[in-house]
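Participant:
In this note's numbering, the protein residues as written are 132 to 180.
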């Protein structure tokens with residue numbers, strides 16, 4: 132659930148991690164850690180449709 136939620140929000144932010152962090156209420160560095168833990172590569176996430 133968390134992975135799909137973050138991917139959806141990431142797409143809505145057009146791949147902008149700073150905007151995603153603000154939207155979900157996390158610091159950017161913590162969000163990067165969370166994305167890595169969930170197996171989400173921010174550079175490739177928009178291509179994974």
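Built from N, CA and C at the ideal position, the CB exists for glycine as well.
Given that a residue counts as buried once 16 or more other Cβ atoms are within 10 Å of its Cβ, and exposed if not, what is residue 152?
Facilitator: By the neighbour-count rule (16 or more Cβ atoms within 10 Å), residue 152 is buried.
Participant: Which term fits residue 177, buried or exposed, when burial requires 16 or more other beta carbons within 10 angstroms of its beta carbon?
Facilitator: By the 10 Å Cβ count, residue 177 comes out exposed.
Participant: Grab me the residues of residue 144's own chain with a C-beta within less than 8 Å of its C-beta, minus the 5 sequence neighbours each way, in chain order.
Facilitator: Within the same chain, residue 144 has close Cβ partners 150, 151 and 154.
Participant: Going by C-alpha distance, which of 169, 174, 175 and 173 is nearest residue 132?
Facilitator: It is 169.
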